[in-house]
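These protein sequence lines map, in sequence, to chains C and B. Residue numbering for the first sequence follows the numbering used here, starting at 19 and increasing by one per position. Residue numbering for the second sequence follows the numbering used here, starting at 290 and increasing by one per position. Backbone N, C-alpha and C fix where the C-beta goes; we use that ideal spot for every residue, glycine too. Accompanying notes for the structure given below.
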Amino acid sequence: MSLSREAIVEGLRRIVGPDAVVTDEKILVESSVDNFRKLQNIFDVHTAPVPAAVVLPADTAQVAAILTWANENGVNVIPRTGATATEGGLESVVPDSVIVDGSMMNQIVSIDPYNMQATCQCGVPLQALEDRVREHGLTTGHSPQSKPVAHMGGLVATRSIGQFSTLYGGIEDMVVGLEAVFPGGEVARIKNVPRRAAGPDIRHVVIGNEGALCFISEVTVKLFPYFPENNTFLGWTLKDMATGFAVLRDVMVNGYKPSVARVYDPGDAGLHFSHFAAADDCVLLFMAEGAAGIAKATADGIQAIVDKHPECTQVPSEYIETWFNDLCWDASKITAEDERIRQTHNVNRTTEISADWSSINDIYQAAKARIIDEIPDITMMGGHSSHSYINGTNMYFNYFFNVVGVGPEEETDKYYLPIIGIICEETLKRGGSIVHHHGMGKARAPWVKDEYGSSYYILETLKRSFDPNGIMNKGTIIPL
Amino acid sequence: MDHLRIVVGFKVTPDYEALRAPDWARAAGGAAESGGGPGAPETRYVRRVLGVFDEAALELALRLRDARAEAGLETSLAAFSVAAREADPFLQTLQALGFERAARVDPRAALDFAPRVTAAVIATYLRRIGSPDVLLLGSRCGPGESGAVPFLVADELGLPCVTEVTDVQIASRGRLRVTFAAGGGWIRATIAPPCVLAVGNAVVSMLRVPTLKDRLAVRERSLDVLSSGELGVDAAAALAGEPTVLASLETIDRERAGTIVAGRTPEEKARALYETQLRARLERL
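See the structure below:
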């Protein structure tokens, strides 16, 4: 028999004390969704089941106690830190869930400049860690747009990637060790070593689990020397995305590692570069960084590659540098965007996928054409490639629509989910992955079996083994 | 009025918030060549945005049209900008939103902080197309702006000017109910056009967005583009005669420090907050 809300709150208070259990109705209602249903918070119209409590553990032992209790009592647990999720991973889809919020576990445990690694608790904001390591002339190399607001636990839980990934890699390339708590209260620590071949790399059971297997309580990430004085910016306009993808491929195949390598389609370029790009222009841009010799060699190599494409027209580097300096989203930009949505009902959404070089342009073209044709009230449909690899790249679809004739609570059903559906279908049809770096959440969970194919067996077995009672973030990654 | 002619004048401005520090520093050094003219910061490398009050003026015009349509009244909408080609994408957006006429008057001179010249160009243009029933203008736009243009245009056209307008709604017999800020509060006046409305800190401040289909529908429509010279106004020469010029423009560093109030419980934090931030101030009262 399931516990009542009162019994859940009482049980949590016994574990962590009354001050660490939040039952304020407004906070609970806002915690029922994340940015996937951001209109519900913006317009204060909510439909999801309201969580029973938000609990703020102080340390790993309290997390273990909470998960043990939840496992014994069948209470759904949603792990959370910075609450910047975009794909419904933090949404409560069953009544009386408990949000386990690690934001009070916010200590930087150590910064080790000799071994080039830093250890921090899950609730450390990435910006705080970055600021601290900069004092040592170092950087985490991780810079997602959410850097000012996201926390380390959530970044690892969602397999986050940053804007400099082509040089530094995704979070999975940065995490050298971690600590995680499983539903039975088991605390597992994976030690920090440069590499290991002692069987499967079990970091990857935890990285990207989205709170569906365990709670990440501590992480250790690599550090890198920081040479901002050597940053070199390069930019071109061009007339089609196929050429842009071809240039990106040439750069990657020839072994160059710019920190930023992007191509924007005309719609997306219009949002950022309309002061120098024509309405039908794509924009190709790079940033080379690192030690002086490396940055110069990288920039020179890229310049030589693009010079072979006369259809690309170079623009002054100041355009790209100015864009670069204004990349991240801080709290004031989020507030301003919310106000724009409130007034205009014009909503910006994004969906990111990945595919090999042979398929990426076809996916981009097909999805874009279908969305413009099939979805009403679209005001901008575009995108860019921003993370490239030797065998392929990602496509970050960026689109806006007016919400017309429905309430804020119906926006996802009328617009967002149908668009996600088109992008997933066109990606799966061509062998790509339906999620590049935002996580599956609950938004893309319906496509999980198509995404995994026969390897779904491994995922399903992981879930069954580590979370036999199904208390970890129901509906995330694997749908209800 | 069964038919109301609304004209909105707007300005596009560099996105000053995105300017790099060196681009502001160039202004302090009095760079000879920059996007905004001598003494201005380097603005070539940032995108253009609508002036915030101009954006509000455009949306208020659309809402007025919608309200009149619901009441069975006709409205024509026109928009113009005294600008170089950087205003064209904004004019095309306005066409897609239903502005029947979208025009750009190119002054072929930098008119920042030249309100009399700007007003002369605007008034001459409006006389050319026929003085509107309602002229909406943003009350000012961006750094280095005088805020005088709406007054000067109204004066040139011989129309009354309501300033710091925050809202406009329809009233009976073709009149407008205009809300404006005054004396630390707000006043609502019912006005029979013609008039000039200088829009300030409006409740509605953001412009709606046209759909791709809206844009497609007006793709073949051209903009009205003419130079101020074609209107008989030599803006460059008039500018040379301006008694006041903007000599330089620089930003002021307003970075603030923050303190995290620590404590194991809310009570401890409240006590620390009181001790460190409040007690001394309260004792001074």
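Between the options, which has its C-alpha nearest residue i's C-alpha?
i                 : options                                : result
Pro67 of chain C  : C:Asp42, C:Ala101, C:Ala88, C:Ser110   : C:Ser110
Asn133 of chain C : C:Gly400, C:Trp347, C:Leu241           : C:Leu241
Ala409 of chain B : B:Ala525, B:Lys558, B:Ala551           : B:Ala525
Gln566 of chain B : B:Glu556, B:Ser494, B:Pro483, B:Thr548 : B:Thr548
Met192 of chain C : C:Val167, C:Gly159, C:Asp114           : C:Gly159
Ile495 of chain C : C:Asn487, C:Pro486, C:Tyr470           : C:Tyr470
Ala295 of chain C : C:Gln145, C:Arg360, C:Asp258, C:Glu105 : C:Asp258
Pro166 of chain C : C:Leu144, C:Phe419, C:Cys138           : C:Leu144
Ala345 of chain B : B:Ala360, B:Glu453, B:Tyr414           : B:Glu453
Val239 of chain C : C:Gly229, C:Phe245, C:Ile225, C:Asn248 : C:Ile225
Arg333 of chain B : B:Thr302, B:Ala350, B:Ala398, B:Thr479 : B:Thr302
Cys450 of chain B : B:Arg568, B:Ala372, B:Ile480           : B:Ile480
Could you name the residues of the same chain whose beta carbon sits closer than 7 Å to that of residue i, not counting the 5 residues immediately before and after it, in chain order?
i                 : result
Arg150 of chain C : Ile126, Ile129
Leu480 of chain C : Val223, Leu231
Asn412 of chain C : Glu370, Ile371, Ser372, Ser403, Ser404, His405, His454
Val199 of chain C : Thr78, Val81, Ala82, Leu85, Val205, Cys232, Phe233, Ser235
Val406 of chain B : Leu400, Ala524, Ala527, Leu528, Glu531
Asp286 of chain C : Gly400, Gly401, His402, Asn416
Val39 of chain C  : Val27, Leu30, Arg31, Ala71, Val73
Ala101 of chain C : Asp52, Leu108
Tyr305 of chain B : Gly431, Pro432
Give me the chain C residues within the contact set of residue i, using Cβ-Cβ distance strictly less than 7 Å, ordered along the chain.
i                 : result
Ala367 of chain B : Near Ala367 of chain B there are no residues of chain C at all, since even the closest Cβ is about 22 Å away, more than 7 Å.
Pro432 of chain B : Near Pro432 of chain B there are no residues of chain C at all, since even the closest Cβ is about 17 Å away, more than 7 Å.
Quick one: which chain B residues come within Cβ less than 7 Å of residue i?
i                 : result
Arg358 of chain C : Met495
Thr397 of chain C : Val498, Pro499, Thr500, Leu501
Glu336 of chain C : Tyr334
Ala79 of chain C  : Within 7 Å Cβ-Cβ: nothing; Ala79 of chain C doesn't reach chain B, min ~17 Å.
Would you identify the three-state DSSP class for residue i, choosing helix, strand or coil?
i                 : result
Ala230 of chain C : coil
Ile378 of chain C : helix
Leu386 of chain B : coil
Ser406 of chain C : strand
Asp298 of chain C : coil
Trp87 of chain C  : helix
Pro303 of chain B : strand
Tyr564 of chain C : A query on residue 564 of chain C cannot be resolved here, the shown segment of chain C reaching from 19 to 498 and no further.
Gln125 of chain C : coil
Asp37 of chain C  : helix
Leu573 of chain B : One detail in the question is off: residue 573 of chain B reads as Arg in this sequence, not Leu. The answer is helix: DSSP assigns Arg573 of chain B an H, G or I state.
Trp347 of chain C : coil
Ala321 of chain B : Bear in mind that a pLDDT of 40 at Ala321 of chain B, under 50, signals an unreliable position, so the model cannot answer this.
Thr452 of chain B : strand
Asp391 of chain C : helix
Pro113 of chain C : coil
Thr332 of chain B : coil
Name the chain B residues that come within less than 8 Å of residue i, Cβ to Cβ?
i                 : result
His290 of chain C : Arg336
Phe418 of chain C : Val498
Ile390 of chain C : Leu501
Ala297 of chain C : Pro378
Using the beta-carbon of each residue, which ones in chain C are nearer than 9 Å to residue i?
i                 : result
Pro421 of chain B : Within chain C, no residue comes near Pro421 of chain B; the closest Cβ sits about 25 Å away, beyond 9 Å.
Ala307 of chain B : Thr340, Trp341, Asn343, Asp344
Once the 5 residues before and after residue i are set aside, which same chain residues still bring their CB inside 6 Å of it?
i                 : result
Asp456 of chain B : Thr468, Val492
Ala306 of chain C : Thr250, Pro276, Ala313, Thr316, Ala317
Glu322 of chain B : Low confidence applies to Glu322 of chain B: its pLDDT is 44, below 50, so where it sits in the model is not reliable, and the reading given next is rough at best. So no residue of the chain qualifies.
Glu48 of chain C  : Asn59
Glu197 of chain C : Arg207, Ser235, Glu236
Ala412 of chain B : Val442, Glu445, Leu446
Pro497 of chain C : Ala463, Pro464
Looking only at its own chain, which residues have a Cβ that is under 8 Å from the Cβ of residue i, when we skip the five neighbours before and after it?
i                 : result
Phe402 of chain B : Gly433, Glu434, Ser435, Thr533, Val534, Leu535
Ile438 of chain C : Thr369, Ala461, Arg462
Asp596 of chain B : The question about residue 596 of chain B has no answer here: the residues shown for chain B are numbered 290 through 574.
Say yes only if the C-beta of residue i is nearer than 7 Å to one or more non-hydrogen atoms of the ligand MN, and no if none qualify.
i                 : result
Ile489 of chain C : Only the bare structure without any ligand can be found here, which leaves the ligand MN out of the picture.
Against residue i, what residues of chain B qualify as contacts under a CB-to-CB distance less than 9 Å, listed in chain order?
i                 : result
His502 of chain C : Because chain C is modelled from 19 through 498, residue 502 of chain C falls outside the range shown and cannot be assessed.
* In the stretch 361 to 375 of chain C, which residues sit with their C-beta less than 9 Å from some C-beta in chain B, listed in chain order? -> Gln361, Thr362, His363, Asn364
* Asked: According to a CB-to-CB cut-off of less than 8 Å, which residues of the stretch 377 to 407 of chain B neighbour chain C?
  -> Pro378
* Residues within the stretch 432 to 458 of chain B neighbouring chain C, beta-carbon criterion of under 9 Å -> none
* **Residues of the stretch 539 to 557 of chain B whose Cβ lies closer than 7 Å to any Cβ of chain C, in chain order** => Thr554, Pro555
* Mind listing which residues of the stretch 34 to 45 of chain C have their C-beta closer than 7 Å to chain A's C-betas, in chain order? -> You won't find chain A in this structure, because its protein chains are C and B.
* Asked: For the stretch 153 to 183 of chain C, which residues have a beta carbon sitting closer than 9 Å to at least one beta carbon of chain B?
  -> none
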